[in-house]
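**Q**
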């Protein structure tokens, strides 16, 4: 449960969960019609979402866009004529990017192409083979042990031919060309937390940002296939990204109701890191902080040394850290409307902090006389002590070096609660404020 916020409240609905449920059956991969179908649905929520197609064979630094893969059907028929594995029942049954096949073989010949989890015998694992031509099926281990000797017909009705990689992008201009960047991935089949929570939360966050009437920063949201998609995007946009991005976030694994998790940027201490930790400290009772050495998503590309972008991530149950990860147990029952909407709110608070973050400088030597301006009570009685404390503390720490995030941290207040006080003091000529390029600013840690 989130702590009380002074930002406007999100209308209570089941909209996020319903979108995730709608997207869940689609078989996505790093290329193909499943990605296109997903993005087409997202354009219903984000009409200005631009769709880009990048040809197979296109170089992206050390990588190459692979051929496009599409799947229509896949199954294995056992010796008694019944289907023992059926892609149409669960699309995790097929190894992603499996090559076309229609052959009959013995159980001994089939076994090397089967994948199962002995420690989780009731679950279907998620397995892919993007860059090596291969085929395979995934099956609960208990079902694998029950397979009978005999001949099996194996059918994979797929295509793997030159085509395109597809991704989506939405740009929301603000007063400044400096950008806040959000990235999520759209390449996994039917898994709820490790896939659909990311694009779902990102969609509703982008929809909310797009509804704001006055933005200091510009905002960019990208929906890309993991790894190859972020590399393609970087290869096409690296210089403007390095010039303009002030803070960025990879959004994924954020739909369940576990405690929040934080994964910092490679260097730590960037604006993205500071905003994320400030929001979490002031929004939840506890959260888990991981090391960048525990990275496993697109922050690997955005934060790589020669990209060096200030990108962090706020999650719920982090990838690799929950037993349902990359299995059929990561289904719609694993996430919830509450989990999704709370994550949307956390990222909304990040936007509020970013938008209101300034470096204030007091205009007076010594404390200003607040009472002469009607900002301090001249007599006793019931007064709003927190508002007065905020104003007094702001003037005490506004030395032209500290930004609002650090001041808020020093006085143990959420920065979004101080934004109004900054405005009041500025209107009364008691503060001046400025913004600066946060790209390479690293705030020292305090005891």
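In the working numbering, the protein residues as written are 28 to 474. Beta carbons: idealized from backbone N, C-alpha and C, even for Gly. From a predicted model like this one, the values you see are computed outputs, not experimental measurements.
Roughly how many angstroms separate the alpha carbons of residue 283 and residue 357, rounded to a whole number?
**A** To locate residue 283, count along the chain shown from 1; it is residue 256. To locate residue 357, count along the chain shown from 1; it is residue 330. Approximately 10 Å, taken between the alpha carbons.
**Q** Which runs of the beta strand (DSSP E), 3 residues or longer, sit entirely within the segment 280–360?
**A** Counting only runs of 3 or more, we get 287–290, 314–316, 338–342.
**Q** Could you tell me which residues DSSP puts in a beta bridge with residue 101?
**A** Taking the chain shown and counting its residues from 1, one reaches residue 101 at position 74. Residue 101 pairs with 183.
**Q** Cutting at 8 Å between CB atoms, please list the residues of its own chain near residue 343, excluding the five before and the five after it.
**A** To locate residue 343, count along the chain shown from 1; it is residue 316. Only 220, 224, 280, 281, 282, 283, 284, 285, 286, 287, 288, 366, 370 meet the Cβ criterion.
**Q** Measuring CB to CB, does residue 233 end up less than 8 Å from residue 274?
**A** Counting from one through the chain shown, the residue named residue 233 turns up at place 206. Counting from one through the chain shown, the residue named residue 274 turns up at place 247. It is not a contact, given that the beta carbons lie outside the stated cut-off.
**Q** So, using beta-carbon positions, are residue 60 and residue 97 closer together than 8 Å?
**A** Residue mapping note: residue 60 aligns to position 33 of the chain shown, counting from 1. Residue mapping note: residue 97 aligns to position 70 of the chain shown, counting from 1. Yes; because the gap between Cβ atoms is below 8 Å, this pair is in contact.
**Q** Look up residue 92 in the DSSP assignment and say whether it is helix, strand or coil.
**A** For the purposes of this step, residue 92 is taken as residue 65 along the chain shown, with counting starting at 1. The answer is coil: DSSP assigns residue 92 none of H, G, I, E or B.
**Q** With 16 as the cutoff for other CB atoms within 10 Å, does residue 401 come out buried or exposed?
**A** Translated into positions along the chain shown, residue 401 becomes position 374. When all chains shown are included, residue 401 counts as exposed.
**Q** Run the CB neighbour count on residue 410, radius 10 Å, all protein chains shown included, and call it buried at 16 or more, exposed below.
**A** Locating residue 410 in the chain shown gives position 383, counting from the first residue. Any reading at residue 410 is ruled out, since the residue's pLDDT is 42, under 50, leaving its predicted position unreliable.
**Q** Would you report the Cα separation of residue 352 and residue 146, rounded to the nearest angstrom?
**A** As a working mapping, residue 352 is identified with position 325 in the chain shown. As a working mapping, residue 146 is identified with position 119 in the chain shown. Taking the straight line from one Cα to the other gives about 13 Å.
**Q** Can you check which of these residues, 208, 270, 262, is closest to residue 249 by C-alpha distance?
**A** Within the chain shown, the letter at position 222 stands for residue 249. The residue with the shortest Cα to Cα distance from residue 249 is 208.
**Q** Could you name the residues of the same chain whose beta carbon sits closer than 8 Å to that of residue 385, not counting the 5 residues immediately before and after it, in chain order?
**A** The residue you call residue 385 lines up with position 358 of the chain shown. Only 430, 431, 449, 460, 461, 462 meet the Cβ criterion.
**Q** With a Cβ-Cβ cutoff of 8 Å, do residue 143 and residue 167 count as a contact?
**A** Looking up residue 143 in the chain shown gives position 116. Looking up residue 167 in the chain shown gives position 140. Going by C-beta atoms, residue 143 is nearer than 8 Å to residue 167.
**Q** From the DSSP secondary-structure annotation, give me the bridge partner or partners of residue 461.
**A** Within the chain shown, numbered from 1, the residue matching residue 461 stands at position 434. Per DSSP, 386.
**Q** For residue 28, is the classification buried or exposed, using 16 other Cβ atoms within 10 angstroms of its Cβ as the cut-off for buried?
**A** In the chain shown, residue 28 corresponds to position 1, counting from 1. The residue is exposed, with fewer than 16 neighbouring Cβ atoms inside 10 Å.
**Q** Does the segment 237–247 come close enough to the segment 314–334 that 3 or more CB-CB pairs lie under 8 Å?
**A** Taking 8 Å as the limit for Cβ pairs, the verdict is that the segment 237–247 does not touch the segment 314–334.
**Q** Could you tell me whether the Cβ atoms of residue 458 and residue 387 are closer together than 8 Å?
**A** Your numbering for residue 458 matches position 431 in the chain shown. Your numbering for residue 387 matches position 360 in the chain shown. It is a contact, given that the beta carbons lie within the stated cut-off.
**Q** Does residue 28 come out as helix, strand or coil in the three-state DSSP assignment?
**A** Here residue 28 is taken as the residue at index 1 of the chain shown, counted from 1. Reduced to three states, the DSSP call for residue 28 is coil.
**Q** State the Cα-Cα distance for the pair residue 75 and residue 321, rounded to the nearest angstrom.
**A** What you label residue 75 is simply residue 48 of the chain shown in a count that begins at 1. What you label residue 321 is simply residue 294 of the chain shown in a count that begins at 1. So the alpha carbons of these two residues sit roughly 35 Å apart.
**Q** Count the CB pairs spanning the segment 193–213 and the segment 319–338 that are closer than 8 Å, and state whether there are at least three.
**A** Judged by Cβ distances under 8 Å, the segment 193–213 makes contact with the segment 319–338, as three or more pairs qualify.
**Q** How about residue 122 and residue 156: do their beta carbons lie closer than 8 Å?
**A** Residue numbering aside, residue 122 sits at position 95 when the chain shown is read from its first letter. Residue numbering aside, residue 156 sits at position 129 when the chain shown is read from its first letter. In contact: residue 122 and residue 156 (Cβ atoms closer than 8 Å).
**Q** Considering only the beta carbon of each residue, do residue 271 and residue 206 sit closer than 8 Å?
**A** Here residue 271 refers to the residue found at position 244 when the chain shown is read from its first residue. Here residue 206 refers to the residue found at position 179 when the chain shown is read from its first residue. Cβ atoms of residue 271 and residue 206: closer than 8 Å.
**Q** To the nearest angstrom, how far is it from the Cα of residue 261 to the Cα of residue 87?
**A** Translated into positions along the chain shown, residue 261 becomes position 234. Translated into positions along the chain shown, residue 87 becomes position 60. So the alpha carbons of these two residues sit roughly 8 Å apart.
**Q** How many Å lie between residue 443 and residue 383 at the Cα?
**A** Numbered from its first residue, the chain shown carries residue 443 at position 416. Numbered from its first residue, the chain shown carries residue 383 at position 356. Roughly 7 Å between the two C-alpha positions.
**Q** Quick one: give me the first and last residue of the beta strand (DSSP E) that residue 192 is part of.
**A** The residue you call residue 192 lines up with position 165 of the chain shown. That run of the beta strand (DSSP E) goes 191–199.
**Q** In the DSSP assignment, find the beta strand (DSSP E) that holds residue 81 and state where it starts and stops.
**A** Taking the first residue of the chain shown as 1, we reach residue 81 at position 54. Start and end: 77–82.
**Q** Can you find at least 3 beta carbon pairs, one from the segment 189–198 and one from the segment 70–84, that sit closer than 8 Å?
**A** They touch, by the three-pair rule.
**Q** So what does DSSP say about residue 430, is it helix, strand or coil?
**A** Position 403 of the chain shown holds residue 430. If DSSP states are grouped into helix, strand and coil, residue 430 belongs with coil.
**Q** Would you call residue 256 buried or exposed, if buried means 16 or more other Cβ atoms sit within 10 Å of its Cβ?
**A** The residue given as residue 256 occupies position 229 in the chain shown. With 16 or more Cβ atoms within 10 Å of its Cβ, residue 256 is classed as buried.
**Q** Of the residues 264, 417, 228, which one's Cα is nearest the Cα of residue 43?
**A** In the chain shown, residue 43 corresponds to position 16, counting from 1. Here the closest residue by C-alpha is 228.
**Q** Consult DSSP for residue 51 and reduce its assignment to one of helix, strand or coil.
**A** Sequence index remark: in the chain shown, residue 51 carries index 24 (1-based). Of the three classes helix, strand and coil, the one that applies to residue 51 here is coil, per DSSP.
**Q** In terms of residues, what are the limits of the alpha helix (DSSP H) holding residue 261?
**A** For this step, residue 261 is matched to residue 234 along the chain shown. Where residue 261 is concerned, the enclosing alpha helix (DSSP H) stretches over 255–271.
**Q** Would you mind stating whether residue 389 and residue 354 have Cβ atoms separated by less than 8 Å?
**A** Translated into positions along the chain shown, residue 389 becomes position 362. Translated into positions along the chain shown, residue 354 becomes position 327. No, these two residues do not count as a Cβ contact at 8 Å.
**Q** Check each candidate in 148, 214, 109 and name the one with the smallest Cα separation from residue 64.
**A** As a working mapping, residue 64 is identified with position 37 in the chain shown. The candidate whose alpha carbon is nearest that of residue 64 is 214.
**Q** Report the partner residues of residue 178 according to the DSSP bridge assignment.
**A** The residue given as residue 178 occupies position 151 in the chain shown. The partner list for residue 178 (beta bridge, DSSP) reads 133.
**Q** Hey, would you say residue 305 sits closer than 8 Å to residue 436, going by beta carbons?
**A** Residue mapping note: residue 305 aligns to position 278 of the chain shown, counting from 1. Residue mapping note: residue 436 aligns to position 409 of the chain shown, counting from 1. Yes, Cβ-Cβ distance for residue 305 and residue 436 is below 8 Å.
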